[in-house]
Amino acid sequence: MLDRFTFIAERYYKYRWHFMAATALVFLLLTAFMFSGFSASVGVVAAFTGPAITISWGMVLMCFWFEPTRGVLYQSILIKWIPNFGQRALRWYFAAFLAVWFVFGVVIWPIFALISLVYA
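Structure below.
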């Protein structure tokens with residue numbers, strides 16, 4: 004899993020600011036939609052914007068954390084003081100966090116959003 008995250012981060016590092024802008028744009032669009040008066044369909048929009056925010060922000064985190072030459076988990080001064088075993092454990096912890104992040108945001112979030120529409 005670490006190798007996969009590192010490969011993806013290395014490949015998409017140059018787009019990290021695009022991912023950050025996409026996250027902000029989707030968040031602003033969701034906020035604008037919530038205040039627009041279409042309260043009945045906010046749940047449907049949230050079911051789609053949740054995964055969009057999750058994927059774009061997850062890619063930002065992946066690029067900033069796992070890029071091997073510029074990533075925080077590889078080149079940070081604080082991380083370099085930790086012994087190799089601790090560095091590896093810390094990377095695995097962040098990789099597990101990102102895996103849960105993606106599963107929750109892409110699978111669980113839309114289910115909760117659509118269930119909330121049924122019971123609203």
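For the numbering used here, count along the sequence shown from 1 and bump the result up by 3.
Ideal Cβ positions, reconstructed from N, Cα and C, are used throughout, including at glycine.
For clarity, every value in this text was computed on a predicted model and none was experimentally measured.
Query: Going by beta carbon distance, what residues of the same chain come within less than 7 angstroms of A25, once the five residues before and after it are set aside?; Result: S59
Query: DSSP on I114, reduced to helix/strand/coil?; Result: helix
Query: Could you work out which residue in W112, F88, P86, Y122 is closest to T57 when comparing CA atoms only?; Result: W112
Query: Is the number of C-beta pairs between the region 6-23 and the region 62-78 that are closer than 8 angstroms three or more?; Result: yes
Query: The alpha helix (DSSP H) that contains F38, what's its start and end?; Result: No alpha helix (DSSP H) holds F38; DSSP gives it neither H nor E.
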